[in-house]
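Undergrad: Those protein sequences? They're chains A and B, same order as listed.
Take any residue in the first sequence, count from 1 to its spot, add 335: that is its number in the numbering used here.
Take any residue in the second sequence, count from 1 to its spot, add 335: that is its number in the numbering used here.
Mind looking over this structure? Questions follow.
Number of protein chains: 2
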Amino acid sequence: MTQFQPPRGTRDFLPEDMIKRQFILDKARETFEQWGFDPLDTPAFEDFALLTAKSGEAVKDEIYYFKDKSDRELGLRFDFTVPMCRVVANNPNLPKPFRRYQLGTVWRYDRPGAGRYREFCQADIDIVGAPGPEADTEVVACACEVLRKIGLSNFYVRINNRKIISSFLEGLGVDAVSVMRTVDKLNKIGEDEVEKELEGKGIKKDDIKSIMKFAKIREIDRAVPLIKDDRGREGIDELYVLLKGLEKFSCAVEVDMSMVRGLEYYTGNIFEIMQRGSELTVTAGGRYDRMIEAFGGKPTPATGISLGVDRLVNFIQVELGKTGVEVYLANVDEKSREKCMELAKQLREIGVNVEYDVMQRPLVKQLDYVNSRGIKYAIVVGEKETKSGVVKLRNMQSGSEKEIEVRNLKRVKDVVDSE
Amino acid sequence: MTQFQPPRGTRDFLPEDMIKRQFILDKARETFEQWGFDPLDTPAFEDFALLTAKSGEAVKDEIYYFKDKSDRELGLRFDFTVPMCRVVANNPNLPKPFRRYQLGTVWRYDRPGAGRYREFCQADIDIVGAPGPEADTEVVACACEVLRKIGLSNFYVRINNRKIISSFLEGLGVDAVSVMRTVDKLNKIGEDEVEKELEGKGIKKDDIKSIMKFAKIREIDRAVPLIKDDRGREGIDELYVLLKGLEKFSCAVEVDMSMVRGLEYYTGNIFEIMQRGSELTVTAGGRYDRMIEAFGGKPTPATGISLGVDRLVNFIQVELGKTGVEVYLANVDEKSREKCMELAKQLREIGVNVEYDVMQRPLVKQLDYVNSRGIKYAIVVGEKETKSGVVKLRNMQSGSEKEIEVRNLKRVKDVVDSE
Chain A
336 MTQFQPPRGT RDFLPEDMIK RQFILDKARE TFEQWGFDPL DTPAFEDFAL LTAKSGEAVK
396 DEIYYFKDKS DRELGLRFDF TVPMCRVVAN NPNLPKPFRR YQLGTVWRYD RPGAGRYREF
456 CQADIDIVGA PGPEADTEVV ACACEVLRKI GLSNFYVRIN NRKIISSFLE GLGVDAVSVM
516 RTVDKLNKIG EDEVEKELEG KGIKKDDIKS IMKFAKIREI DRAVPLIKDD RGREGIDELY
576 VLLKGLEKFS CAVEVDMSMV RGLEYYTGNI FEIMQRGSEL TVTAGGRYDR MIEAFGGKPT
636 PATGISLGVD RLVNFIQVEL GKTGVEVYLA NVDEKSREKC MELAKQLREI GVNVEYDVMQ
696 RPLVKQLDYV NSRGIKYAIV VGEKETKSGV VKLRNMQSGS EKEIEVRNLK RVKDVVDSE
Chain B
336 MTQFQPPRGT RDFLPEDMIK RQFILDKARE TFEQWGFDPL DTPAFEDFAL LTAKSGEAVK
396 DEIYYFKDKS DRELGLRFDF TVPMCRVVAN NPNLPKPFRR YQLGTVWRYD RPGAGRYREF
456 CQADIDIVGA PGPEADTEVV ACACEVLRKI GLSNFYVRIN NRKIISSFLE GLGVDAVSVM
516 RTVDKLNKIG EDEVEKELEG KGIKKDDIKS IMKFAKIREI DRAVPLIKDD RGREGIDELY
576 VLLKGLEKFS CAVEVDMSMV RGLEYYTGNI FEIMQRGSEL TVTAGGRYDR MIEAFGGKPT
636 PATGISLGVD RLVNFIQVEL GKTGVEVYLA NVDEKSREKC MELAKQLREI GVNVEYDVMQ
696 RPLVKQLDYV NSRGIKYAIV VGEKETKSGV VKLRNMQSGS EKEIEVRNLK RVKDVVDSE
């Protein structure tokens with residue numbers, strides 16, 4: 336072990352891992368842009384007061400906190416939502432809806448453990464200024480499209496609406512926020528434990544029974560008779576539009592009245608995308624209509640969803656390889672190195688990723704390197720090739736070779752792209 | 336002014352600015368990959384001890400320092416070179432040459448001022464394990480190619496070699512590092528001030544004269560007779576290969592014996608790419624053969640170059656616009672919104688960036704939005720278009736319209752790409 340390691344909870348991404356991460360980020364960005372989202376970037380750190388203003392106690396403990404040399408209290412961002420709300424509050428004249436994506440790193444001072452890191456890569460989209468469930472539909476459908484492009488097939492969207500849950504719980508006369516916190520643990524700790532915890536919170540037996548019955552509802556229509564106020568009915572309507580909208584985008588959807596979502600700032604529709612089978616949450620989000628106002632902006636509705644890039648890497652279905660280099664030009668002697676550089680120039684111009692020797696190594700060493708780096712194709716360049724104007728493109732895995740005329744190098748690109 | 340602003344020395348990148356930054360990053364990445372560099376990512380923060388180990392006093396004061404909750408001393412990275420050397424030291428079996436690029440953010444706690452920020456975006460390439468000047472040539476030529484793709488035309492590469500300067504100064508019997516620090520200021524403070532500072536350092540009149548004469552050398556051949564030892568002659572040979580190599584890549588090159596480059600870790604060829612006229616350094620780097628060893632790795636030569644992305648944004652020659660959205664589908668009524676979503680799906684599938692209304696706004700408001708956001712094309716969709724199967728693609732800037740059959744939407748892509 337050498338002197339210095341990456342700090343606890345962080346890790347390096349060597350090329351093989353970075354190529355996977357970039358695959359996800361490229362698919363996300365391409366999709367986000369096709370769906371009309373524009374890029375935004377914000378600083379890695381923010382005022383500590385901003386980060387802790389609206390995010391609840393749990394997150395507060397997870398922030399990397401530091402002071403700058405003028406004793407300003409700062410913290411590394413733990414999501415992209417809080418900084419974006421600050422940007423919108425600071426720029427009231429941004430055309431609405433403001434549709435933005437943000438790709439990058441966030442930090443949480445979590446307990447590190449198996450597969451849990453303190454630095455991770457996220458891809459977010461949000462629509463700001465659109466109050467209706469059509470905007471919720473849009474962000475969820477767009478996230479589903481990203482997942483499809485990555486290669487996930489067996490996933491579904493779990494949806495619920497905060498207004499429905501609050502309305503029902505307030506109708507019972509119980510502390511809605513406190514009960515929601517407990518119900519949120521249903522999948523983790525199970526029915527019995529949830530009931531026990533609710534008892535501990537002083538909820539009456541009958542109410543616990545009603546709550547558990549409500550939490551098991553999986554169809555909107557069955558929730559309707561239990562909702563008595565306008566706010567709850569608004570939630571029902573919003574959830575219904577989201578459900579129907581997602582079906583139009585061919586997304587599998589399930590209503591789940593037990594779903595609460597941890598973050599305290601959600602105000603309407605909330606959603607999670609689940610990998611069926613593993614029941615792993617791959618993506619999540621919701622509507623948060625009061626946060627921008629809380630940061631000093633005009634009252635502005637907002638909704639968004641967040642993809643955990645590092646987690647999605649596990650679902651990639653295509654073989655990506657250890658390197659982006661497609662063709663290695665191996666020179667037989669120092670003289671043919673010049674020819675390699677010339678060929679490299681032409682190949683790069685037509686978009687082929689090319690490498691040649693910069694270490695004056697003998698041919699055998701160069702080919703060892705090609706194999707150890709996992710480069711798929713090699714062309715050996717010597718006097719013969721220079722004179723004849725014909726090179727052989729060798730597939731280093733299968734051993735097969737194709738003869739290609741130097742004046743027709745476009746064929747190298749075709750072979751590389753096709754196989 | 337609202338409650339929260341970006342922390343001092345940082346800024347937000349709204350879509351218009353992010354689109355420019357991404358243009359640079361995309362060109363850099365595309366070029367780096369074509370030239371056989373693979374991506375690497377490292378944590379945003381590192382052990383403070385690592386950051387300060389080899390980087391000299393000046394950088395030490397510029398690091399964002401903090402402690403984590405276990406009292407570990409950490410700091411935000413100020414460049415990509417130090418973390419990469421740690422990675423190479425930790426992974427001795429990486430195939431060599433290890434050619435990597437890294438794109439991302441670095442932080443320096445600089446005095447903020449006009450156009451000076453504490454958080455900036457960088458694009459680096461390095462070749463590790465190749466000792467010769469061919470590798471220096473490769474990184475510089477690749478950086479020049481990025482600059483050309485961005486649209487810079489009038490630039491040149493200033494080169495020098497640390498071995499030559501050291502050899503010459505040590506030959507005089509003066510403190511080479513101390514003198515280099517003063518000579519490095521030549522462009523900033525001028526000849527008279529440099530001479531004064533050297534006098535202040537106790538350098539003899541005759542030696543100052545020799546140093547100033549040496550610093551004015553702009554041709555390798557004129558330096559040769561002044562170099563007396565093997566190390567200096569090695570430097571001459573390396574600089575010569577770099578010069579000739581860059582000329583082969585059609586890069587304008589100037590040897591400049593006054594160029595030193597601030598960072599203390601350079602050991603051989605050093606280079607800066609200058610915008611002619613402004614004489615602004617747009618890119619810089621050099622060879623640093625001893626740093627990996629200093630971090631506990633095997634002795635491993637390395638060379639690299641770094642592009643300041645935020646500075647390069649000023650040199651973009653193409654019009655990039657305020658948004659990535661290419662076509663807005665405006666619906667005449669709620670019924671035709673469905674048709675918009677259907678058309679959007681088809682257009683996105685062929686790679687067109689599309690947006691439609693998610694706010695149930697009347698047509699006039701939708702078109703106001705199209706203009707305020709700077710979207711170039713709009714298609715108005717109503718009953719007529721749905722029935723006839725023909726839509727009009729309107730250029731919102733020129734007012735010109737093109738009729739396009741819905742069964743032939745590929746034409747939308749052609750128009751968008753061609754204009």
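All residues carry an ideal CB built from backbone N, CA and C; glycine is no exception.
1) Let me check one thing: in DSSP terms, what residues is A/I485 bridge-paired to?
2) In this structure, what does DSSP give as the bridge partners for A/P374?
3) Say whether the region 579-588 of chain B touches the region 434-441 of chain B, bearing in mind that this needs 3 or more beta-carbon pairs closer than 8 Å, one atom from each stretch.
4) Give me the chain A residues within the contact set of B/A379, using Cβ-Cβ distance strictly less than 7 Å, ordered along the chain.
5) Could you give the first and the last residue of the continuous alpha helix (DSSP H) run that contains A/Y810?
6) Per DSSP, what kind of secondary structure is B/Q732 in: helix, strand or coil?
7) Taking a Cβ distance cut-off of 9 Å, strictly less, list which residues of the region 674-689 of chain B are near chain A, in chain order.
8) Ends of the alpha helix (DSSP H) at B/C456?
9) Can we say the region 475-493 of chain A touches the region 533-542 of chain A, given the rule of at least three CB pairs closer than 8 Å?
10) Whole beta strand (DSSP E) runs in the region 605-634 of chain B with 3 or more residues, listed along the chain?
11) Assuming A/G643 is part of the beta strand (DSSP E), what are its boundary residues?
12) Assess, as a yes-or-no matter, whether the region 741-751 of chain B is touched by the region 724-731 of chain B under the definition of 3 or more beta carbon pairs within less than 8 Å.
13) Nearest to A/F606 by CA position, among A/D414, A/K633, A/I640, is which residue?
14) Measure from the C-beta of A/Y704 to each C-beta in chain B and report whether the shortest distance is under 7 Å.
15) Residues of chain A with CB under 7 Å from B/I538, in chain order?
16) Between the Cα of B/V514 and the Cα atoms of B/K544, B/F490, B/T366, which residue gives the shortest distance?
17) With DSSP as the reference, label A/G410 as helix, strand or coil.
18) Using a Cβ-Cβ distance cut-off of 7 Å, determine whether B/D373 contacts chain A.
19) Beta-carbon separation of B/G632 and B/V417 under 7 Å?
20) Give me the subset of the region 621-632 of chain A whose CB atoms are less than 8 Å from a CB atom of chain B, sorted by chain position.
21) Counting only runs that start and end within the region 635-721 of chain A, where is the alpha helix (DSSP H) found for 4 or more residues in a row?
22) Are there three or more Cβ pairs, one per stretch, closer than 8 Å when the region 358-370 of chain A is compared with the region 648-666 of chain A?
23) Go through its chain and collect everything with a Cβ distance to A/N706's Cβ below 7 Å, but skip five positions before and after it.
24) Please list, in chain order, all residues of the same chain as B/Y663 whose beta carbon is under 6 Å from its beta carbon, the five residues on each side excluded.
25) From the DSSP output, which residues share a beta bridge with B/I494?
26) If the criterion is Cβ atoms closer than 7 Å, does the pair B/E454 and A/P378 meet it?
27) Kindly list the residues whose CB is nearer than 7 Å to the CB of B/F549, restricted to its own chain and excluding five residues on each side of it in sequence; keep chain order.
28) Please confirm if B/R483 has its CB atom under 7 Å from at least one CB of chain A.
29) Quick one: residues in its chain with C-beta nearer than 6 Å to the C-beta of A/A470, no 5 flanking neighbours on either side, listed in chain order?
30) Cα-Cα, which of A/F339, A/E569, A/Q695, A/L642 is closest to A/R483?
31) List the residues of chain A that B/I462 touches, going by C-beta distances under 7 Å, in chain order.
32) So, helix, strand or coil for A/R451, using DSSP?
33) Could you say which of A/E528, A/V687, A/D406, A/G717 lies nearest to B/Q369 if we only look at CA atoms?
34) For A/Q457, return the contacting residues in chain B, with the cut-off set at a CB-CB distance below 9 Å.
35) Short check: CB of B/L578 to CB of B/N604, under 7 Å?
36) Give the DSSP bridge partners of A/K737, in chain order.
TA: According to the data block:
1) Note: A/I485 sits in no beta bridge, so no partner.
2) Under DSSP, A/P374 shares a beta bridge with A/Y436.
3) With a cut-off of 8 Å on Cβ pairs, the region 579-588 of chain B is not in contact with the region 434-441 of chain B, counting fewer than three such pairs.
4) Ordered by position in chain A, the residues that pass the 7 Å Cβ test against B/A379 are A379, T440, E454.
5) Residue 810 of chain A lies beyond the range of chain A shown here (336 to 754); nothing can be said about it.
6) Coil at B/Q732, not helix or strand.
7) Contact residues of the region 674-689 of chain B toward chain A are M676, A679, K680, L682, R683, E684, G686, V687, N688, V689 (C-beta to C-beta distance below 9 Å).
8) First-last for B/C456: 454-463, but that is the beta strand (DSSP E), not the alpha helix (DSSP H).
9) With the cut-off at 8 Å, the region 475-493 of chain A and the region 533-542 of chain A do not touch.
10) As far as the region 605-634 of chain B is concerned, its whole beta strand (DSSP E) runs of at least 3 residues are 615-622.
11) Counting along the chain, the beta strand (DSSP E) containing A/G643 begins and ends at 637-643.
12) Of all C-beta pairs linking the region 724-731 of chain B to the region 741-751 of chain B, three or more are shorter than 8 Å, placing the two stretches in contact.
13) Selected option, being the one with the closest Cα: A/I640.
14) Nearest CB-CB separation between A/Y704 and chain B: below the 7 Å threshold.
15) None at all; the shortest Cβ gap to chain A is about 35 Å.
16) With respect to the C-alpha of B/V514, the residue from B/K544, B/F490, B/T366 having the closest C-alpha is B/K544.
17) Of the three classes helix, strand and coil, the one that applies to A/G410 here is strand, per DSSP.
18) Closer than 7 Å: yes.
19) No Cβ-Cβ contact shorter than 7 Å links B/G632 with B/V417.
20) Those would be F630, G631, G632, in chain order.
21) Under the rule that a run must span 4 or more residues, the alpha helix (DSSP H) segments found entirely inside the region 635-721 of chain A read 644-647, 669-684, 698-708.
22) Verdict: yes, contact present.
23) Close CB contacts of A/N706 within its chain, under the 7 Å cut and outside five residues either way in sequence, are with M731 (chain order).
24) Excluding sequence neighbours, B/Y663 sits near E690, V705, I710, A713.
25) DSSP output for B/I494 lists B/V590, B/F606 as bridge partner(s).
26) The beta carbons of B/E454 and A/P378 sit closer together than 7 Å.
27) Excluding five sequence positions before and after B/F549, the CB atoms of its chain that fall closer than 7 Å to its own CB belong to F503, L561, M592, given in chain order.
28) No, B/R483 lies away from the interface with chain A (no Cβ there is under 7 Å from its Cβ).
29) The residues I462, T638, in chain order, have a CB closer than 6 Å to that of A/A470 in the same chain once the five nearest residues on each side in sequence are set aside.
30) With distances taken between Cα atoms, A/R483 lies closest to A/L642.
31) Counting only Cβ-Cβ distances below 7 Å, B/I462 has contacts in chain A at V693, in chain order.
32) Reduced to three states, the DSSP call for A/R451 is strand.
33) B/Q369 has its Cα closest to that of A/V687, out of A/E528, A/V687, A/D406, A/G717.
34) Listed along chain B is no residue with a C-beta nearer than 9 Å to that of A/Q457; the closest approach is about 14 Å.
35) No Cβ-Cβ contact shorter than 7 Å links B/L578 with B/N604.
36) Answer is A/L728, bridged to A/K737.
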